[in-house]
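Residue numbers (my numbering): 2 to 246.
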């Protein structure tokens, strides 16, 4: 955790075990986002305190016993009393998780593991900046729902299509900038850097959260720390996918 007691950042660790879940509903939220709800008695003690926690989904490898391909997803909603968990799948690329989500139907089963840890950031910063692409939307919208009434928060989100924009019910004072990916270049990095450069830091202490393709997330963090002076303790940058995935 940080040494600043005002802006407390706590790292928690949980028992990481496998749970077998059953699909109860599948909804296409937007053209490129699939929401899947799961139910299982194994969720009676599920815990997730941070908006960007992740569970690993385990997809069996055909013909190989006890062999799995894993991918990580944000718990969008969960209810331990109802024994339910909701995951949103960004349908942004080819791959086993994308293929599974596209074909999922009620009654299907899925093994998940985690979350193994949570990084809980205090809700006492003067402002928040959330930057990401479609894969970051579940964590961004979950954070917006968690923040205190009146908290100053801005999101900058890159999407493949304007129809992928999502509404969010939040008590925070929220402004958002939706960017649409250039289909010819696919250059998220430059577009997000340009948007970040145009953002004026409000007065006071701010926390910045970034999640995107690996190189894009790294470039944004470097820019915001080295050129804008954001304290390293108050920025988190995560690689949610790589172009090789």
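C-beta: ideal position from N, C-alpha, C; glycine also.
At what residues does the alpha helix (DSSP H) containing residue 101 begin and finish? Your numbering for residue 101 matches position 100 in the chain shown. Its alpha helix (DSSP H) spans residues 97-104.
For the alpha helix (DSSP H) holding residue 190, just list the boundary residues, first then last. If you number the chain shown from 1, residue 190 lands on position 189. 189-199 is the span of the alpha helix (DSSP H), which, as asked, contains residue 190.
Where does residue 4 sit, in a helix, a strand or coil, going by DSSP? Residue numbering aside, residue 4 sits at position 3 when the chain shown is read from its first letter. Residue placement at residue 4 cannot be trusted, given a pLDDT of 48 that sits under 50; what the coordinates show is reported in the next sentence. It is coil, neither helix nor strand.
Residue ranges of each beta strand (DSSP E) run of no fewer than 3 residues wholly in the region 116-146, ordered along the chain? 118-122 and 128-134
Does the region 123-130 come close enough to the region 27-40 to have 3 or more Cβ pairs within less than 8 Å? no
Residue 234 burial status per 10 Å Cβ neighbour count (16 or more: buried): The sequence position of residue 234 within the chain shown is 233, counting from 1. With fewer than 16 other Cβ atoms within 10 Å, it is exposed.
Excluding sequence positions up to five away, which residues of its chain have a Cβ less than 8 Å from the Cβ of residue 17? Sequence index remark: in the chain shown, residue 17 carries index 16 (1-based). Closer than 8 Å at the Cβ level, and outside the excluded window around residue 17, lie 114, 115, 116 and 117.
Determine contact between the region 94-105 and the region 199-209, defined as no fewer than three beta-carbon pairs at a distance below 8 Å. no
Please classify residue 55: is it buried, with 16 or more other beta-carbons within 10 angstroms of its beta-carbon, or exposed? By 1-based counting over the chain shown, the position of residue 55 is 54. Label assigned to residue 55: buried.
With DSSP as the reference, label residue 89 as helix, strand or coil. What you label residue 89 is simply residue 88 of the chain shown in a count that begins at 1. Residue 89 falls in the strand class under three-state DSSP.
Is it true that the region 158-172 meets the region 105-112, where meeting means three or more beta-carbon pairs spaced less than 8 Å apart? no
Buried/exposed call for residue 65, threshold 16 Cβ in 10 Å: Counted from its first residue, the chain shown places residue 65 at position 64. Classification for residue 65: exposed.
In this structure, does DSSP put residue 220 in helix, strand or coil? Counting from 1 along the chain shown, the entry for residue 220 is found at position 219. Correct three-state label for residue 220: helix.
How would you call residue 75, buried or exposed, if buried means at least 16 neighbouring beta carbons within 10 angstroms? For this step, residue 75 is matched to residue 74 along the chain shown. Buried is the call here.
Can you check the region 149-181 for any beta strand (DSSP E) of at least 3 residues that lies completely inside it and give the ranges in chain order? 153-160 and 174-181
With distance defined between alpha-carbon atoms, name the residue in 7, 58 and 238 nearest to residue 209. What you label residue 209 is simply residue 208 of the chain shown in a count that begins at 1. When only C-alpha atoms are compared, the closest one is 238.
For the beta strand (DSSP E) containing residue 76, list its first residue and its last residue. Counting from one through the chain shown, the residue named residue 76 turns up at place 75. Counting along the chain, the beta strand (DSSP E) containing residue 76 begins and ends at 76-80.
Count the other CB atoms within 10 Å of the CB of residue 156; is the residue buried (16 or more) or exposed (fewer)? Here residue 156 corresponds to residue number 155 of the chain shown, with the count starting at 1. Residue 156 is buried by the Cβ-count criterion.
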